[in-house]
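Residue numbers (full-length UniProt numbering), protein chains in the order written: chain W, 1 to 61; chain D, 1 to 61; chain C, 1 to 61; chain P, 1 to 61; chain E, 1 to 61; chain X, 1 to 61. Virtual Cβ for every residue (Gly too), placed ideally from N, Cα, C. This one's a predicted model, so the numbers in the text were calculated from it and none came from an experiment. Reviewing the structure listed below.
Protein chains: 6
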Amino acid sequence: MPVITIRMAEGRTLEQKRVLADEITAAVTKTFGVEPQVVTIFFEELKTESIARAGKLLSES
Amino acid sequence: MPVITIRMAEGRTLEQKRVLADEITAAVTKTFGVEPQVVTIFFEELKTESIARAGKLLSES
Amino acid sequence: MPVITIRMAEGRTLEQKRVLADEITAAVTKTFGVEPQVVTIFFEELKTESIARAGKLLSES
Amino acid sequence: MPVITIRMAEGRTLEQKRVLADEITAAVTKTFGVEPQVVTIFFEELKTESIARAGKLLSES
Amino acid sequence: MPVITIRMAEGRTLEQKRVLADEITAAVTKTFGVEPQVVTIFFEELKTESIARAGKLLSES
Amino acid sequence: MPVITIRMAEGRTLEQKRVLADEITAAVTKTFGVEPQVVTIFFEELKTESIARAGKLLSES
Numbered sequence: 001m002p003v004i005t006i007r008m009a010e011g012r013t014l015e016q017k018r019v020l021a022d023e024i025t026a027a028v029t030k031t032f033g034v035e036p037q038v039v040t041i042f043f044e045e046l047k048t049e050s051i052a053r054a055g056k057l058l059s060e061s
Numbered sequence: 001m002p003v004i005t006i007r008m009a010e011g012r013t014l015e016q017k018r019v020l021a022d023e024i025t026a027a028v029t030k031t032f033g034v035e036p037q038v039v040t041i042f043f044e045e046l047k048t049e050s051i052a053r054a055g056k057l058l059s060e061s
Numbered sequence: 001m002p003v004i005t006i007r008m009a010e011g012r013t014l015e016q017k018r019v020l021a022d023e024i025t026a027a028v029t030k031t032f033g034v035e036p037q038v039v040t041i042f043f044e045e046l047k048t049e050s051i052a053r054a055g056k057l058l059s060e061s
Numbered sequence: 001m002p003v004i005t006i007r008m009a010e011g012r013t014l015e016q017k018r019v020l021a022d023e024i025t026a027a028v029t030k031t032f033g034v035e036p037q038v039v040t041i042f043f044e045e046l047k048t049e050s051i052a053r054a055g056k057l058l059s060e061s
Numbered sequence: 001m002p003v004i005t006i007r008m009a010e011g012r013t014l015e016q017k018r019v020l021a022d023e024i025t026a027a028v029t030k031t032f033g034v035e036p037q038v039v040t041i042f043f044e045e046l047k048t049e050s051i052a053r054a055g056k057l058l059s060e061s
Numbered sequence: 001m002p003v004i005t006i007r008m009a010e011g012r013t014l015e016q017k018r019v020l021a022d023e024i025t026a027a028v029t030k031t032f033g034v035e036p037q038v039v040t041i042f043f044e045e046l047k048t049e050s051i052a053r054a055g056k057l058l059s060e061s
């Protein structure tokens, strides 16, 4: 605990995921006073054709 | 807001996702009185071997 | 299948949920050619203090 | 109802998913007194580079 | 890992949740060959007015 | 985009949520090069009787 899910369009680099995992874990451990080992992060990456904003698929807007 | 997730078996066409994104956004904006720009839709598509109903994998039932 | 989750701030009326459930189910059954009985919808309602946009809690922006 | 999501690293076999779907459905039907047909299970499988524990990507720890 | 979410209507007893948590953890540890300590289960309980099947709110069907 | 969900036991203070929303948004905008306005965060707070680790409800372990 806690379990964090980051849902986003495909295409971020491994380095971006590495950096964000580190920074979010640091923010959670500092703010909630928990150990890093209890923080789990999932990156959910979807194709832009599987995401819509304002009724339009991202792949087409 | 709101954020809508549609979880389903793989295999729908791009056209089906296009139409459904449009229709759901229209229903939400009309019913909740919000702007289309604030409505986000995610299509989560899973393999039929990753979905089970009545204890059986869909790919095997 | 499919399973649809609508995540939103608390405060919508029962009538709004009733209407939206009906309209989204109609859109899904028509677009995907499935029976209404297989469409499940969850309304996930969160306090505005539990939602943030642009780094600010909705209850404070 | 209920809808069960199992989020895990990629790599489990079809047989493991088959067995777990069967066992979880049996546990739910017995404990909640519902029919197997109403139990839906989703296996969400993510790459180890898309999962982090203690601030480190699983693919690198 | 894995993280399991059980989404269901409100109303199950503490004892039902206790038994199901134990049985699902046992099934996962046996099938995936992991330690119980790595298995996290979330029970997401929603009001029947916040769940719809076949276009109807459960509280009204 | 992205949409971030933080699932955790109930009991964190408003101030903790305020700080974490700010810090996570800052980390995401810096790392992904997106505007703060496109970052949505949901805090999903569950009772300790609705969370289990190693087969035991948190409220009883």
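Under the three-state reduction of DSSP, Arg-12/P is assigned to coil, being neither helix nor strand. Here the C-alpha atom of Leu-14/X lies approximately 7 Å from the C-alpha atom of Glu-49/C.
Cβ proximity to chain W below 9 Å picks out Thr-40, Phe-42 from the segment 32–45 of chain E. A direct Cα-to-Cα measurement between Arg-12/D and Arg-7/W gives close to 21 Å. At a C-beta separation below 9 Å, Val-3/C has these neighbours in chain P: Val-3, Thr-40, Phe-42.
Shown in chain order are the members of the segment 3–29 of chain C whose Cβ falls below 7 Å from a Cβ of chain D: Val-3, Ile-4, Thr-5, Ile-6, Arg-7, Met-8, Ala-9, Arg-12, Gln-16, Val-19, Leu-20, Glu-23, Ile-24, Ala-27, Val-28.
Distance from the CA of Ile-51/W to the CA of Val-19/E, rounded to the nearest whole angstrom, comes to 38 Å. By the 16-neighbour rule on beta-carbons within 10 angstroms, Lys-17/E is buried. In the structure shown, the three-state DSSP call for Lys-30/E is helix.
The beta carbons of Gly-55/D and Pro-2/P sit no closer together than 7 Å. The three-state reading of DSSP puts Lys-17/X in helix, counting H, G and I together. Residues of chain X whose Cβ lies closer than 8 Å to the Cβ of Ser-50/C are, in chain order, Lys-17, Phe-42, Phe-43, Glu-44, Glu-45. Residues of the same chain with a CB within less than 8 Å of the CB of Glu-10/X, apart from the 5 flanking positions on each side, are Glu-45, Leu-46, Lys-47, Thr-48 in chain order.
Nearest in C-alpha terms to Val-38/X, of all of Arg-53/C, Ile-41/C, Val-38/C, is Arg-53/C. Bridge pairing for Ala-52/C: Leu-57/C, Ile-41/X [DSSP]. For Ala-21/W, the closest alpha carbon among the candidates Thr-5/W, Gly-33/W, Leu-57/W, Ser-61/W is that of Thr-5/W. Cβ neighbours of Ile-24/D within its own chain (closer than 7 Å, five residues either side excluded): Ile-4, Ile-41. Contacts with chain C at 7 Å (Cβ-Cβ) do not include Leu-58/E. CA-to-CA, the gap between Ala-27/D and Thr-29/C works out to about 14 Å. Distances from the CA of Leu-58/W to each of Val-34/D, Phe-43/D, Ser-59/D, Glu-60/D were compared; the closest alpha carbon is that of Phe-43/D.
Linking Gly-33/E to Ser-61/E through their CA atoms gives a straight-line distance of about 42 Å. Spanning the alpha carbons of Thr-31/C and Thr-31/D requires a straight line of approximately 20 Å.
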